[in-house]
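Start counting the sequence shown at 67; every next residue gets the next number (the working numbering).
Note that CB positions come from ideal geometry on N, CA and C, so glycine has one too.
Reviewing the structure listed below.
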Amino acid sequence: MQVPFLDLQAQYEAVIDDVNRLVAEVVASRAFCNGPLVRRAEQELAAYCGCAEAVAVSSGTDALLVSLMALGIGPGDEVITTPFTFFATAGVVWRAGARPVFVDIEADTFNIDPAKIEAAVTERTRAIIPVHLYGQMADMDAIMAIADRHDLAVIEDAAQAIGATYRGRPACSIGTTGCLSFYPTKNLGAMGDAGMVLTQDAALAARLRQLRNHGQGSTYIHDSVGGNFRADSLAMAGVAAKLPRLAAWTDTLRRHGARYDALLAGCDGVTTPAVRDGCEPVYHQYVLRCADRDGLKAHLAGRDVASGVYYPLCLHLQPCFAALGYSAGDLPVAEQASREVLALPIYPEMTDEQVEYVAASVKAFFGAS
Numbered sequence: 067m068q069v070p071f072l073d074l075q076a077q078y079e080a081v082i083d084d085v086n087r088l089v090a091e092v093v094a095s096r097a098f099c100n101g102p103l104v105r106r107a108e109q110e111l112a113a114y115c116g117c118a119e120a121v122a123v124s125s126g127t128d129a130l131l132v133s134l135m136a137l138g139i140g141p142g143d144e145v146i147t148t149p150f151t152f153f154a155t156a157g158v159v160w161r162a163g164a165r166p167v168f169v170d171i172e173a174d175t176f177n178i179d180p181a182k183i184e185a186a187v188t189e190r191t192r193a194i195i196p197v198h199l200y201g202q203m204a205d206m207d208a209i210m211a212i213a214d215r216h217d218l219a220v221i222e223d224a225a226q227a228i229g230a231t232y233r234g235r236p237a238c239s240i241g242t243t244g245c246l247s248f249y250p251t252k253n254l255g256a257m258g259d260a261g262m263v264l265t266q267d268a269a270l271a272a273r274l275r276q277l278r279n280h281g282q283g284s285t286y287i288h289d290s291v292g293g294n295f296r297a298d299s300l301a302m303a304g305v306a307a308k309l310p311r312l313a314a315w316t317d318t319l320r321r322h323g324a325r326y327d328a329l330l331a332g333c334d335g336v337t338t339p340a341v342r343d344g345c346e347p348v349y350h351q352y353v354l355r356c357a358d359r360d361g362l363k364a365h366l367a368g369r370d371v372a373s374g375v376y377y378p379l380c381l382h383l384q385p386c387f388a389a390l391g392y393s394a395g396d397l398p399v400a401e402q403a404s405r406e407v408l409a410l411p412i413y414p415e416m417t418d419e420q421v422e423y424v425a426a427s428v429k430a431f432f433g434a435s
């Protein structure tokens, strides 16, 4: 049996009629940037995420960057975040002129460890960016308590976590802003790059809308220097077509995750994902820990099972951040995770037979039946 890591073709076939209808609407309106479809998607995503405001932008990366800009974070400032995530989380801090400060992660959830955040706070700290990695939210109560004590903004990087909840509260609804990515491989993917910033603060949302259009207050009058972060209406047609299906897709992902858990229970050599009490993840990735990660990956490839490594090199050790002065061994929990994590295929169109075949293939590597 062949099991791809993701099957976007099958997903597209399920939404093709709605996508074509929405694309035709965009073409007829000729509003290709920030058009009526974008505004409709903003309203629907704000409601879905339990937020007062939503501002669509050009990518998940730009959602993070414009959040920093709207909060006035720049040169001389520090932003605390995790070293174990996609590059954009720290890359935007650097691009804004601020300094990323990395804090180690929890060994079981792979999310930033709140117990280690407060020691990293200095007089220059302006914000914390927790990442809801693999679709499970970070410990937001603990993070918000630290932020409140030190008057810090909190930018939720929920690029992998749309639909996830923490003690009943949706991703993006707790921090100062929450940022979504609609990259095509995400649980809610666009037809191209797109993203969104969500917030409960109407004044901040107005600032975000201005900054996404070069800081323009009125026609050709620029109150500040923003960027070209406008949302592409055609790309957002994919988001609008898929959003009504997202809840059902998320339920299927949770069912697949539970099935993996049951099938791999007791398999010596791998650790299945931990789910914290009060958290309801969305399984953007289903990630194992395995001491012989590369051996398992090769074994799965030999059985036509795709897998992925998210992420093989922690951000504090990336060559572009050498000037920050971090060394191997500084953040040992994250560094060990980078050597051991392996993501198995998980997507809504995956069949139960495929899940069972993948689990059997993992167990065969360890000689388990």
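Is there at least one Cβ from chain D nearer than 8 Å to T251's Cβ?
-> Of the protein chains in this structure there is only one, and it is not chain D.
Exposure of C356, with buried meaning 16 or more beta-carbon neighbours within 10 Å | The residue in question, C356, is buried, as its Cβ has 16 or more Cβ neighbours within 10 Å.
Flag this pair as yes or no: are the beta carbons of L410 and F98 separated by less than 8 Å?
-> Contact: no.
Option in A173, L309, P398, W160 with minimal Cα separation from G142 | Comparing Cα-Cα distances from G142 to each of A173, L309, P398, W160, the minimum goes to W160.
Opposite G101 in the DSSP bridges: which residues?
-> Bridge partners of G101: none, in fact.
Does the count of Cβ pairs from the segment 175–186 and the segment 195–211 closer than 8 Å reach three?
-> Yes, since at least three Cβ pairs between the segment 175–186 and the segment 195–211 fall closer than 8 Å, the two stretches touch.
Check each candidate in L264, F431, L329 and name the one with the smallest Cα separation from G361.
-> Among L264, F431, L329, the Cα nearest to that of G361 is on F431.
Beta-carbon contacts of L366 that lie in its chain and below 6 Å, excluding the five residues immediately before and after = In its chain, beyond the 5 residues on either side, S373, S427 have a beta carbon closer than 6 Å to the beta carbon of L366.
Could you give the DSSP three-state label for S393: helix, strand or coil?
-> In this structure, S393 counts as coil in the three-state DSSP scheme.
Which residues in the same chain have their Cβ closer than 7 Å to the Cβ of L274, if we skip the five residues on either side of it in sequence?
-> These residues qualify, in order along the chain: V121, V132, A136, V263.
Measure the CB-CB distance between A225 and S247 and report whether it falls below 8 Å.
-> The answer is yes: Cβ separation under 8 Å.
Have a look at D73 and V399 and give me their C-alpha separation to the nearest angstrom.
-> Between D73 and V399, the C-alpha separation is close to 32 Å.
Secondary structure, alpha helix (DSSP H): runs of 4+ residues fully inside the segment 217–288 = Qualifying alpha helix (DSSP H) stretches, in chain order: 268–277.
Within the same chain, show all residues whose beta-carbon is closer than 8 Å to that of S239, passing over the 5 residues directly before and after it, in chain order.
-> Closer than 8 Å at Cβ, skipping near neighbours: C115, G116, C117, L264, Q266.
Shortest alpha-carbon distance to N100 belongs to which of F295, V187, G244?
-> Here the closest residue by C-alpha is F295.
Say whether the segment 86–95 touches the segment 278–291, bearing in mind that this needs 3 or more beta-carbon pairs closer than 8 Å, one atom from each stretch.
-> No: fewer than three Cβ pairs fall under 8 Å.
Contact set for D170: own chain, Cβ-Cβ below 6 Å, skip 5 residues either direction | Hits under 6 Å: D179, K182, L397, V399, A400.
Please list, in chain order, all residues of the same chain as G140 whose beta carbon is under 7 Å from its beta carbon, the five residues on each side excluded.
-> Setting aside the 5 residues that flank it on each side, G140 is surrounded in the same chain by A162, G163, A164, each with a C-beta closer than 7 Å to its C-beta; the list follows chain order.
Let me know if Q109 comes out buried or exposed under the rule of 16 or more other beta-carbons within 10 Å of its beta-carbon.
-> Q109 comes out exposed.
Sheet register partners of P166 (DSSP bridge) = Partner(s): V145.
Taking the runs of the beta strand (DSSP E) that are 3 residues or longer, which of them lie wholly in the segment 304–380?
-> List check, beta strand (DSSP E) in window: 352–356.
Out of A204, H280, D128, G395, which has the shortest C-alpha to C-alpha gap to D259?
-> Ranking A204, H280, D128, G395 by Cα distance to D259 puts D128 first.
Cβ distance (whole Å) where Y193 is taken to contact V158 below 8 Å | Looking at the sequence shown, residue 193 is not Tyr but Ala. With a Cβ gap of about 11 Å, A193 and V158 do not count as contacting.
Three-pair Cβ contact test at 8 Å for the segment 184–193 versus the segment 330–348 = By the criterion of at least three beta-carbon pairs nearer than 8 Å, the segment 184–193 is not in contact with the segment 330–348.
In angstroms, rounded to a whole number, what distance separates the CA positions of D327 and I195?
-> Their backbone Cα atoms lie some 29 Å apart in a straight line.
Residues near T318 in its chain [Cβ-Cβ closer than 7 Å; skip 5 each side] | Shown here for T318: same chain residues with a beta carbon closer than 7 Å to its own, the five before and five after excluded, namely P414 in chain order.
Per-residue burial, A313 [other beta carbons within 10 Å of its own, 16 or more giving buried] = With fewer than 16 other Cβ atoms within 10 Å, it is exposed.
In the DSSP assignment, find the alpha helix (DSSP H) that holds A430 and state where it starts and stops.
-> Start and end: 418–431.
First and last residue of the uninterrupted beta strand (DSSP E) at V158 | For V158, no beta strand (DSSP E) segment is defined; the enclosing uninterrupted segment is the alpha helix (DSSP H) at 154–161.
Check whether the Cβ atoms of E346 and A237 lie closer than 8 Å to each other.
-> Cβ distance not < 8 Å, so E346 and A237 don't count as in contact.
Contact check, L354 vs L408, beta carbons under 8 Å = Yes.
Look up N177 in the DSSP assignment and say whether it is helix, strand or coil.
-> DSSP places N177 outside both helix and strand once states are collapsed to three, so it counts as coil.
Skipping 5 residues on each side, what residues in its chain have a beta carbon closer than 8 Å to that of L309?
-> Only residues of its own chain outside the window of five on either side were considered, and among them A107, E110, L111, Y114, L254 have a CB closer than 8 Å to the CB of L309, listed in chain order.
Sort D298, R321, G391, R359 by Cα distance to E422 and report the nearest one.
-> E422 has its Cα closest to that of R321, out of D298, R321, G391, R359.
Inter-residue Cα distance where the pair is A76 and Q276 | A76 and Q276 have their C-alpha atoms some 38 Å from each other.
Determine the burial state of S404: buried for a count of at least 16 other Cβ atoms within 10 Å of its Cβ, exposed for fewer.
-> Buried.
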